[in-house]
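Each residue of the sequence shown is one higher than the one before, starting from 51 at the first, in my numbering.
Take a look at the structure below.
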Amino acid sequence: MTGFIRRFRPTDLLSRSEEDLIHGAALELLERGGVHVRHSRGLEVLAEGGCRVDSDAQLVRIPSSVAEECMRRIPSSYSLTGRDPATAVRLGGSRYHFMQGMGMRYVDPDTWELRPGTLKEVDEAYLVADALPNVHVLDSTQSISDIVGVPPAMQHLECVASAYRMSGKPQHVGYLKHFDEFNVKMAQGLGVQPDVDIDIAPPLSLTEDAVDAMLIYAPLGWGLEACPGGYAGATAPATIAGLVVQWWAATIAFVTLAKLIDERAALSVEMAGGFLHPKWASPINASPESWYAEGMGNQLCRRYQLPIAAAQGFCGESKMFDFQAAWEKALGILSSIMTGSHMNVFQGSFATELGYSAVLAVMDDDIAGAIGRYLLGAEITEESLAIDLQLAMGSEPTSFLNTPHTREHWIRDRFLPSVADIGPYEDWVAAGKPELIDKARAKVEQIVAEHRPKALSADEEGIIEDVLREAREHCREQGLISDSEWSAYQEALEQAGRP
51 MTGFIRRFRP TDLLSRSEED LIHGAALELL ERGGVHVRHS RGLEVLAEGG
101 CRVDSDAQLV RIPSSVAEEC MRRIPSSYSL TGRDPATAVR LGGSRYHFMQ
151 GMGMRYVDPD TWELRPGTLK EVDEAYLVAD ALPNVHVLDS TQSISDIVGV
201 PPAMQHLECV ASAYRMSGKP QHVGYLKHFD EFNVKMAQGL GVQPDVDIDI
251 APPLSLTEDA VDAMLIYAPL GWGLEACPGG YAGATAPATI AGLVVQWWAA
301 TIAFVTLAKL IDERAALSVE MAGGFLHPKW ASPINASPES WYAEGMGNQL
351 CRRYQLPIAA AQGFCGESKM FDFQAAWEKA LGILSSIMTG SHMNVFQGSF
401 ATELGYSAVL AVMDDDIAGA IGRYLLGAEI TEESLAIDLQ LAMGSEPTSF
451 LNTPHTREHW IRDRFLPSVA DIGPYEDWVA AGKPELIDKA RAKVEQIVAE
501 HRPKALSADE EGIIEDVLRE AREHCREQGL ISDSEWSAYQ EALEQAGRP
């Protein structure tokens with residue numbers, strides 16, 4: 051199986067009484083205040099399930115008994131599969147994984163400027179992610195989502211198609227009107243099963259598009275990732291506790307609707323949002339307050355064995371690939387994993403999700419590998435304690451280097467980064483003092499030149515092209531692609547060597 055094992059119990063940040071208080075507050079919000087559901091069928095499903103529905107106001111009050119029963123029926127894990135069966139992911143339990151990050155635009159690593167990416171650069175992003183050993187799932191709709199020449203209505207599907215071509219790994223997708231139908235056709239044609247994130251608008255509202263997606267994906271058995279996204283002091287209370295109460299109430303509302311839509315619905319949660327700059331009121335995507343709130347939410351999820359996806363640590367506020375970027379990412383992602391997260395958005399995201407870089411993904415992959423080794427811990431056995439060896443070697447100064455025990459464990463118990471320099475200082479000077487970013491850039495170039503993903507069969511390529519063609523025609527018919535956009539789109543496809 052892919053991923054890493056967490057050998058010890060996740061860290062609790064709340065006492066049992068504090069956890070109960072937050073859970074009770076969330077239930078009270080839903081029972082007394084309610085959640086807005088902007089969808090007629092969604093309202094019907096909730097009414098049939100025992101909720102109090104005001105159809106005119108589109109407001110649903112969820113009895114605690116209904117909510118608790120739905121929460122108890124959450125599966126503790128679910129599967130994501132890609133074209134390569136060996137890369138399948140089981141989300142939940144003691145195993146955790148890293149997911150390729152997302153970013154709207156391409157990051158120029160020379161100037162730090164952001165610009166729309168080309169289809170070729172989108173392909174490169176997924177090819178590099180396929181090659182990186184610690185990327186277990188691809189974010190196939192948002193790793194460079196602003197694409198030169200590609201109309202907005204087709205950007206999601208072009209990204210998904212690129213990810214299938216460039217990788218056999220499982221995918222995580224988004225939802226979008228005029229996208230979901232074709233997303234399902236492509237996945238089912240290829241015989242794969244992604245999962246899908248679906249937003250809950252803060253404070254507590256499920257939009258028409260979100261419920262449409264739940265109705266489409268829940269019966270398919272795809273994992274539904276609930277994404278509450280309140281920001282403290284803006285769309286949620288200013289306190290950490292108040293924010294977490296809102297997140298948790300939104301999660302419970304989402305789970306309740308999903309389980310009433312289809313009992314087989316598989317679920318996870320990614321608590322997005324967080325805190326704002328105290329002076330500028332702009333979002334801060336890397337703050338100790340956000341990390342702690344995530345940890346509190348993770349503990350609440352563990353109350354019901356709800357699989358956890360985490361976005362804390364996937365990007366921060368740094369404007370370069372520098373020391374700030376490293377600590378924002380490393381501290382955030384480690385905090386999430388230590389408190390129980392299973393799927394961790396990480397490699398490649400940049401500057402508040404405004405950018406994505408394959409070069410950064412290579413550097414991030416070293417952080418992921420280091421965390422994986424740290425949480426693997428140490429085996430405590432007769433062999434690892436090495437008592438007989440230590441007695442035999444005695445207490446006089448000596449070397450354990452030339453022993454069978456050392457030869458057995460020398461590499462097995464060590465983490466070696468891909469591009470980070472952990473060699474002697476003198477060797478670094480002798481090599482011309484290479485910078486980490488240059489080593490990462492060279493690694494990307496090597497991957498692009500040498501790495502070959504699992505090949506598509508002719509039938510699989512035909513499925514992808516047929517779905518793309520149908521989606522393009524549909525968007526044209528619906529007026530979602532103008533004549534000028536269509537012309538630019540055809541030029542972009544031609545430049546990328548695509549049909």
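From the three backbone atoms N, C-alpha and C, an ideal C-beta is built for every residue, glycine too.
Just so we're clear, the structure is a prediction, and the values are computed from it rather than from any experiment.
DSSP beta-bridge partners of residue i
i, result
"T131", "Q243"
"C277", "D249"
"R59", "Bridge partners of R59: none, in fact."
"S193", "G153"
"G324", "Y281"
"S7", "Outside the shown range of the chain, which is 51 to 549, sits residue 7, and nothing can be said about it."
"A359", "E320 and M393"
"D104", "L109"
"F43", "The first residue shown for the chain is 51 and the last is 549, placing residue 43 beyond what the model contains."
Burial state of residue i, where buried means 16 or more other Cβ atoms lie within 10 Å
i, result
"K493", "buried"
"E544", "exposed"
"W29", "Nothing about residue 29 can be reported from this structure: the residues present for the chain run from 51 to 549 only."
"T456", "exposed"
"P484", "exposed"
"H501", "exposed"
"R522", "buried"
"W341", "buried"
"N452", "exposed"
"Q540", "exposed"
"Q397", "buried"
"V479", "exposed"
"A203", "buried"
"G529", "exposed"
"R491", "buried"
"L466", "exposed"
"R56", "buried"
"Q238", "exposed"
Where residue i falls: helix, strand or coil (DSSP)
i, result
"S255", "strand"
"S440", "Here residue 440 is Gln; the residue named in the question, Ser, does not match the sequence. It is helical."
"G419", "helix"
"P338", "helix"
"M49", "As shown, the chain starts at 51 and ends at 549. That puts residue 49 outside it, with no answer to give."
"E403", "coil"
"N184", "coil"
"P333", "strand"
"H86", "strand"
"Q349", "helix"
"V26", "In the structure displayed, the chain extends from 51 to 549; residue 26 sits before or after that span and is not available."
"M393", "strand"
"G529", "coil"
"G142", "strand"
"F16", "Coverage of the chain is limited to positions 51 through 549, which leaves residue 16 absent and any answer about it impossible."
"F304", "helix"
"G550", "Here the chain comprises residues numbered 51 to 549, so residue 550 is not present and cannot be evaluated."
"V95", "helix"
"F364", "coil"
"F373", "helix"
"H222", "strand"
"A286", "strand"
"P159", "coil"
Beta-carbon contacts of residue i that lie in its chain and below 8 angstroms, excluding the five residues immediately before and after
i, result
"R165", "R155, Y156 and D158"
"R314", "A268, P269 and G271"
"V116", "G99, G100, C101 and T306"
"W536", "P201 and R526"
"K504", "R133, D134, S217 and G218"
"A411", "Q150, G151, A175, V178, A179, L182, V185, Q397 and G398"
Same chain, Cβ closer than 6 angstroms to residue i, five either side skipped, listed in chain order
i, result
"T168", "V198"
"Q192", "M152"
"V409", "P159, A490, R491 and V494"
"S212", "V172, D173 and Y176"
Contacting residues, own chain, Cβ-Cβ under 7 angstroms from residue i (five flanking each side not counted)
i, result
"A76", "V295, W298, A299 and I302"
"G422", "F54 and N184"
"I497", "L177, V178 and A181"
"L109", "G84 and H86"
* For the 8 angstroms Cβ check, are there 3 or more pairs between the stretch 259–278 and the stretch 65–74? -> no
* Asked: Between the stretch 358–378 and the stretch 429–445, are three or more C-beta pairs nearer than 8 angstroms?
  -> no
* Asked: For the 8 angstroms Cβ check, are there 3 or more pairs between the stretch 323–330 and the stretch 278–288?
  -> yes
* Asked: Are the stretch 240–257 and the stretch 216–225 touching, with three or more C-beta to C-beta distances below 8 angstroms?
  -> yes
* Mind the definition here: the stretch 334–350 touches the stretch 57–68 only if three or more C-beta pairs lie below 8 angstroms; say whether that holds. => yes
* Should the stretch 413–423 be called in touch with the stretch 89–98, which here means at least 3 C-beta pairs below 8 angstroms? -> no
* Does the stretch 132–152 come close enough to the stretch 105–119 to have 3 or more Cβ pairs within less than 8 angstroms? -> no
* **the stretch 393–411 / the stretch 180–196 touching (three or more Cβ pairs under 8 angstroms)** => yes
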